[in-house]
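With full-length UniProt numbering, letter number 362 in the sequence shown gets 362, and the count goes up by one each step, no holes. Quick reminder that beta carbons are idealized off the backbone N, C-alpha and C, glycines included. Here the structure is a predicted model, which means the values were calculated and not measured. See structure below.
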Amino acid sequence: MSAQIFPVPTEVASRALVDDAKYQEMYDRSVKDPDGFWGDHGKRIDWFKPYTKVKNVSYDPHNVSIKWYEDGTLNAAYNCIDRHLEKRGDQTAIIWEGDDPADDAKITYRDLHGHVCRLANVLKARGVKKGDRVCIYMPMIPEAAYAMLACARIGAVHSIVFGGFSPDALAGRIQDSDCVAVITSDEGLRGGKKVPLKANADEALANCPSVKTCVVVKRTGSAINWVDNRDIWYHEATEAASADCPCEEMNAEDPLFILYTSGSTGKPKGVLHTTGGYMVYASMTHEYVFDYHDGDVYWCTADVGWVTGHSYIVYGPLANGAISLMFEGVPSYPDASRFWQVCDKHQVNTFYTAPTAIRALMREGNAPVEKCKLDSLRLLGSVGEPINPEAWIWYYEVVGKKRCPIVDTWWQTETGGILITPLPGATALKPGSATRPFFGVQPEIVDGEGKVLDGATEGNLCISESWPGQMRTVYGDHERFVQTYFTTYPGKYFTGDGCRRDEDGYYWITGRVDDVINVSGHRMGTAEVESALVLHKDVAEAAVVGAPHDIKGQGIYAYVTLNVGVEPTDALKKELVQWVRHEIGPIASPDWLQWAPGLPKTRSGKIMRRILRKIAEDEFSNLGDTSTLADPGVVDNLIDQRQNRK
Ligand code: ATP
Ligand code: MG
Numbered sequence: 001m002s003a004q005i006f007p008v009p010t011e012v013a014s015r016a017l018v019d020d021a022k023y024q025e026m027y028d029r030s031v032k033d034p035d036g037f038w039g040d041h042g043k044r045i046d047w048f049k050p051y052t053k054v055k056n057v058s059y060d061p062h063n064v065s066i067k068w069y070e071d072g073t074l075n076a077a078y079n080c081i082d083r084h085l086e087k088r089g090d091q092t093a094i095i096w097e098g099d100d101p102a103d104d105a106k107i108t109y110r111d112l113h114g115h116v117c118r119l120a121n122v123l124k125a126r127g128v129k130k131g132d133r134v135c136i137y138m139p140m141i142p143e144a145a146y147a148m149l150a151c152a153r154i155g156a157v158h159s160i161v162f163g164g165f166s167p168d169a170l171a172g173r174i175q176d177s178d179c180v181a182v183i184t185s186d187e188g189l190r191g192g193k194k195v196p197l198k199a200n201a202d203e204a205l206a207n208c209p210s211v212k213t214c215v216v217v218k219r220t221g222s223a224i225n226w227v228d229n230r231d232i233w234y235h236e237a238t239e240a241a242s243a244d245c246p247c248e249e250m251n252a253e254d255p256l257f258i259l260y261t262s263g264s265t266g267k268p269k270g271v272l273h274t275t276g277g278y279m280v281y282a283s284m285t286h287e288y289v290f291d292y293h294d295g296d297v298y299w300c301t302a303d304v305g306w307v308t309g310h311s312y313i314v315y316g317p318l319a320n321g322a323i324s325l326m327f328e329g330v331p332s333y334p335d336a337s338r339f340w341q342v343c344d345k346h347q348v349n350t351f352y353t354a355p356t357a358i359r360a361l362m363r364e365g366n367a368p369v370e371k372c373k374l375d376s377l378r379l380l381g382s383v384g385e386p387i388n389p390e391a392w393i394w395y396y397e398v399v400g401k402k403r404c405p406i407v408d409t410w411w412q413t414e415t416g417g418i419l420i421t422p423l424p425g426a427t428a429l430k431p432g433s434a435t436r437p438f439f440g441v442q443p444e445i446v447d448g449e450g451k452v453l454d455g456a457t458e459g460n461l462c463i464s465e466s467w468p469g470q471m472r473t474v475y476g477d478h479e480r481f482v483q484t485y486f487t488t489y490p491g492k493y494f495t496g497d498g499c500r501r502d503e504d505g506y507y508w509i510t511g512r513v514d515d516v517i518n519v520s521g522h523r524m525g526t527a528e529v530e531s532a533l534v535l536h537k538d539v540a541e542a543a544v545v546g547a548p549h550d551i552k553g554q555g556i557y558a559y560v561t562l563n564v565g566v567e568p569t570d571a572l573k574k575e576l577v578q579w580v581r582h583e584i585g586p587i588a589s590p591d592w593l594q595w596a597p598g599l600p601k602t603r604s605g606k607i608m609r610r611i612l613r614k615i616a617e618d619e620f621s622n623l624g625d626t627s628t629l630a631d632p633g634v635v636d637n638l639i640d641q642r643q644n645r646k
């Protein structure tokens, strides 16, 4: 659909770390000589004891074992803080922008060191030790980053649970990993609304006997319930603690964190990442993908509750001594101009967000963007879902003023860092394509039987060799790890995503494999049909799933959200079906089209197609795990208005 190509702008090329020739040379070495390549690049971080071994990996389904730098020792907090103190102690590490535009702060690397050491000492004094799990349930305030780094400093394993999750979801995650402590705040603040974090934590902790300590940051000052001997105020405890805390010496393969996946496809998995390979991979991808240079102001809008916040707000940027912006609020508060105002206010150079935010802002029209200058922007990024070419073009033209390349970064909680992505100085862009693999990443497209397909093709996306940032296991359930990722196509890591490779070797993620639709024998990615719908001027968002069809086997069922102010009429319905027919072909024309005032999304903003599939199948009595749904109310409306009643 989108054959348009955007070459690397000269201005971008002239300052870039890597041009196309360099990319090819580095990529070739990374796959031909992974030990040499990763052995050299492993030195980008500081080791207490250097490694002598680099890669030791088996994808054999009977013995899946992934180790990188296995005899080296290091500490992640040391790499994010201490090693920068001499050269850039007084440089800003974190720019914090509050929910209220009047609230902000700058934290230097030296400040960061003090905060992290004090909290680390508080945890130690409460008996938290190396290997213990600590749950972090926080709003987007600097203390969330301090908490992560304090855990890393003493060798405790953090498990962040997004602040939007319910007490039940929180309790389930705390129990699954037997956390000994929780770090939270009295309340969170998002879009002017208070979020009762401590009250939620209290409710969860009633069912979590393993938790002995609850550290509470005062954010709003509202009255909260207090449990003596368990609860301690962050500000009181840290004030009394020493600002000096040595770093625990960690083995490269000691766990750094557990993080539950967003649950788009089922019960969330407790993804476990270890220290050495993760730090090398997160910092290296951050530097190369965002072409990070000293002094750049870099803003990733994710929440630290998602992997993107782990790798690209905290660990990657801070390991690189970067200036990382952290935002407490939401894109629509006080108004739809907020993201762009923040870009101007802090002179942001790199802006990294998700398609769901881009589509929501696009729906508001160009005026909120055009109110702002945005002349500091140099690079834009996207992550989380396939970005529809229509949204890509809007982002490129209206936000980036046709000056800023967009890095469409494909990766997963499981991968620890970005796997398929353009590099700004090296890769010509095609809207909607994540383009090419990062160094060391070897994508393979296989058919249903596991046969590797060559050249321009489409199928299931696997990765044939390990990379340092790969997850090591599902916490407490290695068997589930093996079953989920290594048995479908033995000898390879299976991503669960569908993918197309074009004549230029560019990769296009077509959606989850479960979501691939088979209409009269033709395989079709949901992403393609959705992109066609979104291309229509009246459509804000669309989600497409397959549903049983008497003649075709599977038919196409489309849920469509219209732009603000557009009337949902039967005529428009017909027009949209015709539109898709025209854009892709008769084979893709929707058999059912339902107006959706809202779509079911995970808390991280991803469309939950598995729920839409159930509704389309008229089988909505068992919707599966819906604990990660952001707004359960939208589901009732969709069930009520379903088009495929038996
Ligand atoms: P669960 O695994 O629990 O179902 P999830 O897959 O949504 O949840 P994440 O790890 O947050 O959890 O998301 C990774 C998935 O997001 C990828 O497998 C892919 O489907 C999608 N994704 C991420 N980035 C991109 C991108 N740039 N283009 C297309 N899809 C993307
Ligand atoms: Mg997943």
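Q | Collapsed DSSP secondary structure at F339 in the structure displayed | A | helix
Q | Opposing strand residues paired with P255 [DSSP bridges] | A | T274
Q | Start and end residues, alpha helix (DSSP H) containing I551 | A | That residue, I551, is in no alpha helix (DSSP H); it is neither H nor E in DSSP.
**Q.** Terminal residues of the alpha helix (DSSP H) in which N121 lies
**A.** Following the DSSP letters along the chain, one finds N121 inside the alpha helix (DSSP H) bounded by residues Y109 to A125.
Q) Roughly how many angstroms separate the alpha carbons of A540 and T526, rounded to a whole number? A) Computed Cα separation, rounded: 16 Å.
Q: Can you give me the Cβ contacts of N212 inside the same chain, cut-off strictly under 8 Å, excluding the 5 residues immediately before and after it?
A: Note that residue 212 corresponds to Lys in the displayed sequence, not to Asn. The answer, listed in chain order, is R126, G127, V180, A181 and R230.
Q) Apart from the five residues on each side of it in sequence, which residues of its chain come closer than 6 Å, Cβ to Cβ, to V217? A) Take V217, set aside five residues on each side of it, and the residues of its chain with a beta-carbon closer than 6 Å to its own are E143, S185 and Y234, in chain order.
Q. What do you reckon, are the CB atoms on A588 and V580 nearer than 7 Å?
A. Note that the C-beta distance between A588 and V580 is below 7 Å.
Q) Should V314 be labelled buried (16 or more other beta-carbon atoms within 10 Å of its own) or exposed? A) buried
(Q) For S14, which residues in the same chain have their Cβ closer than 7 Å to its Cβ, ignoring the five residues on either side in sequence? (A) Answer for S14: no residue qualifies.
(Q) Would you say the beta carbon of G263 is closer than 6 Å to some non-hydrogen atom of ligand 1? (A) yes
Q) Which residue from L612, G163, D618 and H536 puts its Cα closest to that of H582? A) H536
Q. For the beta strand (DSSP E) that contains P443, what are its first and last residues?
A. P443 to V446
Q | Which listed residue (E397, N349, D303 and K345) has its alpha carbon closest to that of G329 | A | D303
Q: Starting from F351, follow its DSSP beta bridges and name the residues at the other end.
A: W299 and L380
Q. Got a sec? Which residues, its chain only, sit under 6 Å from G309 by beta carbon, not counting five neighbours each side?
A. A302 and D303
**Q.** Proximity test, E385 beta-carbon vs ligand 4 heavy atom, cut-off 6 Å
**A.** Ligand 4 is absent from the structure shown, which contains only ligand 1 and ligand 2.
Q | Cα-Cα separation, D228 to R110 | A | 33 Å
Q: Please classify H346: does DSSP put it in a helix, a strand, or coil?
A: coil
Q. In or out: R436 buried (at least 16 other Cβ within 10 Å) or exposed?
A. buried
Q) Near T261, which residues of its chain fall below 7 Å by C-beta distance, leaving aside the five closest residues on each side in sequence? A) P268, K269, V271 and T413
**Q.** DSSP three-state assignment for Q594, whether helix, strand or coil
**A.** strand
(Q) In whole angstroms, give me the CA-to-CA distance for T487 and I95. (A) 44 Å
Q: Could you say if the segment 235–242 and the segment 193–205 meet the contact criterion of at least three C-beta pairs nearer than 8 Å?
A: no
Q. What is the DSSP secondary structure of P586, reduced to helix, strand or coil?
A. helix
Q) So C214 is in the beta strand (DSSP E); what residue range does that whole segment cover? A) T213 to V217
Q. Can you name, in chain order, every residue of its own chain whose Cβ lies under 8 Å from the Cβ of T457, other than the five neighbours on each side?
A. I445, R500 and R501
Q: Report whether the distance from the Cβ of Q412 to the nearest heavy atom of ligand 1 is below 6 Å.
A: yes
Q.
Considering only their Cβ atoms, is the gap separating A543 from L533 smaller than 7 Å?
A. no
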